[in-house]
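Residue numbers (the numbering used here): 39 to 158. Working notes, beginning with the structure itself.
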């Protein structure tokens with residue numbers, strides 16, 4: 039489920055605000071509001087990708103998210119791990135630990151949380 043940065047930005051509006059008309063989406067941009075036709079095209083692309091659906095209100099549509107934010111996050115994370123870490127979750131986590139230089143107490147807390155989850 040690949041989305042461009044702008045498509046993901048629009049999805050966040052749906053996840054945060056609920057069903058929206060394209061004109062409403064335009065108001066969420068404080069600076070350099072995208073043209074309404076540009077937004078309409080992007081929302082239709084999201085619909086083609088199965089991310090949003092719509093309901094008719096006369097000659098206009100109100101769009102809503104079809105994919106839950108958590109579901110999208112999980113699939114995106116799985117895609118990153120597959121693409122950049124050869125499906126190795128251990129490789130991904132160890133890379134994050136090294137790059138972010140996580141303190142040992144935070145690592146211990148993370149291990150405790152994982153152990154508690156697995157013991158349930």
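Backbone N, C-alpha and C fix where the C-beta goes; we use that ideal spot for every residue, glycine too.
Secondary structure of residue i, DSSP reduced to three states
i	result
residue 105	coil
residue 99	strand
residue 138	helix
residue 73	coil
residue 52	helix
residue 41	coil
Expected contact under 8 Å - CB spacing of residue i and residue j to nearest Å
i	j	result
residue 66	residue 52	About 11 Å separates the two Cβ atoms, so there is no contact after all.
residue 90	residue 78	Not confirmed; about 12 Å, so no contact.
residue 104	residue 88	6 Å
Length of the line joining the Cα atoms of residue i and residue j
i	j	result
residue 143	residue 70	44 Å
residue 150	residue 58	41 Å
residue 102	residue 138	36 Å
residue 42	residue 92	21 Å
residue 44	residue 84	11 Å
Residue i versus the options, residue with shortest Cα-Cα distance
i	options	result
residue 99	82, 107, 112	82
Strand pairing of residue i, partner residues [DSSP]
i	result
residue 93	100
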